[in-house]
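Colleague:
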Amino acid sequence: MFIKVPMVLVGNKCDLAQRVVESRSVAEASRAYGIPFVETSAKTRMGVDDAFYTLVREIRKHKEKQSVKPRKKRKCTIL
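Start counting the sequence shown at 1; every next residue gets the next number (the UniProt record's numbering).
As structure tokens, then:
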């Protein structure tokens, strides 16, 4: 069984000049999985708030989708 949970892909240490992983490849991966991607730096505090706000938005979208339950179709029975 596959359960979809809210996720955000966060890349840390974006303040470094030399990158281990290219942001282009990470952006492609996030598109493939259908999740947002945020670059952050704990050192300069860049993007940290954005990462949390993005996660909160994803959680809210997930809850909205769960609250809209499809109505069961009733079958017509003639006796």
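Every residue gets a Cβ at the ideal spot worked out from N, C-alpha and C, and that includes glycine.
No experiment lies behind these values; they were computed from the predicted model shown.
Taking the alpha-carbon positions, what's the Val5 to His62 distance?
Modeller: Within the sequence shown, residue 5 is the residue found at index 5, counting from 1. Within the sequence shown, residue 62 is the residue found at index 62, counting from 1. Approximately 7 Å, taken between the alpha carbons.
Colleague: What does a CB cutoff of less than 8 Å around Val38 pick up in its chain, not counting 5 residues either side in sequence?
Modeller: Locating residue 38 in the sequence shown gives position 38, counting from the first residue. Counting only Cβ-Cβ distances below 8 Å, and skipping sequence neighbours, we find Val8, Leu9, Val10, Gly11, Gly47, Asp50, Ala51, Thr54.
Colleague: Check whether the Cβ atoms of residue 89 and Ser30 lie closer than 8 Å to each other.
Modeller: Only positions 1 to 79 of the chain appear in this structure, which leaves residue 89 out of reach.
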